[in-house]
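S.K.: In this note's numbering, the protein residues as written are 75 to 454. We put the beta carbon where it would ideally sit given N, CA and C, even for glycine. I'd like to ask some things about the structure below.
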Ligand code: SF4
């Protein structure tokens with residue numbers, strides 16, 4: 075069964091003034107999502123922090139020569155999962171560097187000690203372990219993936235994701251954010267979006283803004299995501315994430331996008347993307363994140379009561395009940411969702427394998443959000 079993609083193909087002219095842009099974005103959000111704003115209560119598992127890429131803004135990646143470089147063992151994965159379970163998490167997000175074994179002998183050796191040749195094979199088995207041993211739903215964020223990798227991961231993950239980040243090939247030039255990053259060549263990421271769509275995977279993607287791209291390149295990236303969704307219906311959410319300066323990165327002196335830049339980009343995304351695509355911005359990367367509600371978001375993404383944001387470790391997650399109170403003041407009810415959005419459960423048909431569909435459905439309430447809403451003490 076196909077998921078309905080609403081609206082005819084349209085050029086989406088953007089209102090010019092900021093106020094008009096914001097009010098049009100909010101009108102679309104309110105009509106489709108109402109006044110509920112969601113989050114996913116999750117535990118983050120950084121399976122490996124080694125990566126064959128070297129993005130100029132990344133603080134997560136560790137060179138294999140670093141004492142901090144690692145691949146988590148199955149025991150460590152399960153220990154994190156169980157901590158998440160105890161705190162009411164429903165999702166386990168596997169995040170990891172891209173294909174370190176293709177570049178580094180140390181990564182190949184580390185995988186071999188665990189009995190594997192490829193990181194995605196190890197990831198697949200860790201997803202299966204989480205499904206067998208816990209109640210959590212794996213969501214996989216492993217970067218660019220080949221057809222066989224998506225097919226291997228699909229039965230053991232409820233959803234998958236990969237930030238498109240940008241469509242700008244300029245950023246792969248020397249001195250730019252994605253120089254010498256084979257997985258950040260835009261066509262490679264667009265291919266992964268397409269492969270996920272062809273294989274009916276509920277998929278999360280998004281933009282990383284402020285890394286050297288122009289406004290026009292941002293808009294082109296949003297149109298590329300929308301075009302992929304129109305072909306396949308698989309884009310469940312789009313994240314608009316703001317670049318963060320950190321002292322230990324190549325781009326330590328690069329300016330951060332300001333609040334107005336974020337608001338403009340969020341609103342443009344809400345107008346360009348089909349209304350059924352959830353729009354998300356992280357709440358821990360700006361002290362003024364509540365303003366994002368005024369630009370059309372309907373989701374805060376993953377928030378963990380147990381693990382830090384490994385990608386932006388200097389930025390703590392908001393306390394979930396405090397976030398609920400701030401949302402309420404702004405006129406929104408905070409609701410907990412699962413890693414898979416409701417429409418893939420309620421109308422999705424073949425988006426999830428039968429075993430995964432029944433597992434996720436058992437955790438969902440009537441509207442497809444999480445049946446247990448821990449932050450307001452609703453636990454069935
Ligand atoms: S941002 Fe991702 S792809 Fe880039 S270096 Fe860091 S882990 Fe690797």
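If the criterion is Cβ atoms closer than 8 Å, does the pair residue 413 and residue 176 meet it?
M.R.: Here residue 413 corresponds to residue number 339 of the chain shown, with the count starting at 1. Here residue 176 corresponds to residue number 102 of the chain shown, with the count starting at 1. The answer is no: Cβ separation not under 8 Å.
S.K.: Suppose the cutoff is 6 Å on Cβ atoms and the five residues either side in sequence are ignored; what does the same chain contact list for residue 342 look like?
M.R.: Residue mapping note: residue 342 aligns to position 268 of the chain shown, counting from 1. For residue 342, where only same-chain residues beyond five positions count, the Cβ hits under 6 Å are 88.
S.K.: Is the number of C-beta pairs between the stretch 221-238 and the stretch 194-212 that are closer than 8 Å three or more?
M.R.: Yes, the stretch 221-238 touches the stretch 194-212.
S.K.: Check whether the Cβ of residue 383 lies closer than 7 Å to any heavy atom of the ligand SF4, and answer yes or no.
M.R.: Counting from 1 along the chain shown, the entry for residue 383 is found at position 309. Flag unset: Cβ of residue 383 not near the ligand SF4.
S.K.: Which word fits residue 173, buried or exposed, when buried means at least 16 other C-beta atoms lie within 10 angstroms of its C-beta?
M.R.: As a working note, residue 173 is residue 99 in the chain shown. With 16 or more other Cβ atoms within 10 Å, it is buried.
S.K.: How do the stretch 437-453 and the stretch 130-147 stand: do at least 3 beta-carbon pairs fall below 8 Å, yes or no?
M.R.: Cβ pair count under 8 Å is below three, so no.
S.K.: With DSSP run on the structure shown, which of helix, strand or coil describes residue 136?
M.R.: Along the chain shown, read from residue 1 onward, the residue named residue 136 stands at position 62. Residue 136 falls in the coil class under three-state DSSP.
S.K.: Counting only runs that start and end within the stretch 134-217, where is the alpha helix (DSSP H) found for 4 or more residues in a row?
M.R.: You should have 148-160, 179-188 and 193-207.
S.K.: Could you tell me the boundaries of the beta strand (DSSP E) in which residue 373 lies?
M.R.: Here the question's residue 373 lines up with position 299 in the chain shown. Here the beta strand (DSSP E) through residue 373 covers 373-377.
S.K.: Look at the alpha carbon of residue 184 and the alpha carbon of residue 221, and state the distance between them as a whole number of angstroms.
M.R.: One-based indexing of the chain shown puts residue 184 at position 110. One-based indexing of the chain shown puts residue 221 at position 147. Taking the straight line joining both Cα atoms gives about 25 Å.
S.K.: Just tell me which of 178, 296, 277 and 186 has its CA closest to the CA of residue 308.
M.R.: What you label residue 308 is simply residue 234 of the chain shown in a count that begins at 1. Among 178, 296, 277 and 186, the Cα nearest to that of residue 308 belongs to 277.
S.K.: Consult DSSP for residue 434 and reduce its assignment to one of helix, strand or coil.
M.R.: For the purposes of this step, residue 434 is taken as the residue at position 360 of the chain shown. Note: residue 434 maps to helix in three-state DSSP.
S.K.: Given residue 203, which residues of its chain have a CB within under 8 Å of its CB, disregarding the five upstream and five downstream residues?
M.R.: Start at 1 with the first residue of the chain shown, and residue 203 comes out as number 129. If we look at residue 203 and ignore the five residues flanking it on each side, its Cβ neighbours are 148, 151 and 152.
S.K.: Is any heavy atom in the ligand SF4 found nearer than 7 Å to the beta carbon of residue 142?
M.R.: The count along the chain shown starts at 1 and reaches residue 142 at position 68. Incorrect: residue 142 has no Cβ contact closer than 7 Å to the ligand SF4.
S.K.: State whether the stretch 242-259 contacts the stretch 104-118, with contact taken as three or more CB pairs (one from each stretch) at a distance under 8 Å.
M.R.: Counting Cβ pairs under 8 Å, fewer than three are found: no touch.
S.K.: Quick check on DSSP: helix, strand or coil for residue 358?
M.R.: On the chain shown, residue 358 is found 284 positions in, with the first residue counted as 1. Note: residue 358 maps to helix in three-state DSSP.
S.K.: Rounded to whole angstroms, how far is the Cβ of residue 274 from the Cβ of residue 425, which I believe are closer than 8 Å?
M.R.: Along the chain shown, one-based indexing puts residue 274 at 200. Along the chain shown, one-based indexing puts residue 425 at 351. The pair is a contact, with the Cβ atoms about 5 Å apart (cut-off 8 Å).
S.K.: Looking only at C-alpha atoms, which of 333, 335, 292 and 319 sits nearest to residue 346?
M.R.: Counted from its first residue, the chain shown places residue 346 at position 272. Measuring from the Cα of residue 346, the nearest candidate turns out to be 292.
S.K.: Grouping DSSP H, G and I as helix and E and B as strand, with all else coil, what is residue 120?
M.R.: The count along the chain shown starts at 1 and reaches residue 120 at position 46. The answer is strand: DSSP assigns residue 120 an E or B state.
S.K.: I'd like the span of the alpha helix (DSSP H) that includes residue 103, first residue to last.
M.R.: Residue mapping note: residue 103 aligns to position 29 of the chain shown, counting from 1. Start and end: 92-107.
S.K.: How far does the alpha helix (DSSP H) with residue 419 in it reach, from first residue to last?
M.R.: For the purposes of this step, residue 419 is identified with residue 345 of the chain shown, where counting begins at 1. Residues 416-420.
S.K.: For residue 458, is the classification buried or exposed, using 16 other Cβ atoms within 10 angstroms of its Cβ as the cut-off for buried?
M.R.: An answer regarding residue 458 cannot be provided, because it is not within the stretch 75 to 454 covered by the chain.
S.K.: Check whether the stretch 424-439 and the stretch 361-375 touch, using three or more Cβ-Cβ pairs below 8 Å as the test.
M.R.: These segments do not touch.
S.K.: What residue range does the beta strand (DSSP E) around residue 409 cover?
M.R.: Taking the chain shown and counting its residues from 1, one reaches residue 409 at position 335. Here the beta strand (DSSP E) through residue 409 covers 407-411.
S.K.: Looking at the ligand SF4, does it come within less than 7 Å of residue 171, judged from the CB to the closest heavy atom?
M.R.: As a first step, residue 171 must be located in the chain shown, where it is residue number 97. Yes, Cβ of residue 171 sits closer than 7 Å to a heavy atom of the ligand SF4.
S.K.: Would you identify the three-state DSSP class for residue 82, choosing helix, strand or coil?
M.R.: Here the question's residue 82 lines up with position 8 in the chain shown. With a pLDDT of 40 at residue 82, under the threshold of 50, the modelled position of this residue cannot be trusted, and the question is left open.
S.K.: Under a Cβ-count criterion, where at least 16 other Cβ atoms within 10 Å of its own Cβ denotes burial, should residue 362 be classed as buried or exposed?
M.R.: The sequence position of residue 362 within the chain shown is 288, counting from 1. Exposed, by the Cβ-count rule.
S.K.: Specify the secondary structure class of residue 259 as computed by DSSP and reduced to three states.
M.R.: To locate residue 259, count along the chain shown from 1; it is residue 185. Residue state, collapsed to three classes: coil.
S.K.: Buried or exposed: where does residue 141 fall if 16 or more other Cβ atoms within 10 Å of its Cβ makes it buried?
M.R.: The count along the chain shown starts at 1 and reaches residue 141 at position 67. Exposed, because fewer than 16 other Cβ atoms sit within 10 Å of the Cβ of residue 141.
S.K.: So, at 6 Å on beta carbons, what are the nonlocal neighbours of residue 418 in its own chain, with the 5 sequence-adjacent residues on each side left out?
M.R.: Position 344 of the chain shown holds residue 418. Excluding sequence neighbours, residue 418 sits near 276 and 425.
S.K.: Evaluate the contact criterion for the stretch 116-131 versus the stretch 156-172: three or more CB pairs, one atom per stretch, below 8 Å.
M.R.: In short, these stretches touch, since the Cβ pair count reaches three.
S.K.: Any heavy atom of the ligand SF4 closer than 7 Å to the CB of residue 217?
M.R.: For the purposes of this step, residue 217 is taken as the residue at position 143 of the chain shown. Residue 217: yes, Cβ under 7 Å from the ligand SF4.
S.K.: Determine the extent of the beta strand (DSSP E) in which residue 313 is found, giving its start and end residues.
M.R.: Here residue 313 corresponds to residue number 239 of the chain shown, with the count starting at 1. First-last of the beta strand (DSSP E) with residue 313: 309-316.
S.K.: Regarding residue 134 and the ligand SF4, is the C-beta to nearest heavy atom distance less than 7 Å?
M.R.: Within the chain shown, numbered from 1, the residue matching residue 134 stands at position 60. Yes, the ligand SF4 has a heavy atom inside 7 Å of this Cβ.
S.K.: Can you give the beta carbon distance from residue 336 to residue 366, rounded, assuming they're within the 8 Å contact cut?
M.R.: For the purposes of this step, residue 336 is identified with residue 262 of the chain shown, where counting begins at 1. For the purposes of this step, residue 366 is identified with residue 292 of the chain shown, where counting begins at 1. Confirmed, about 7 Å.
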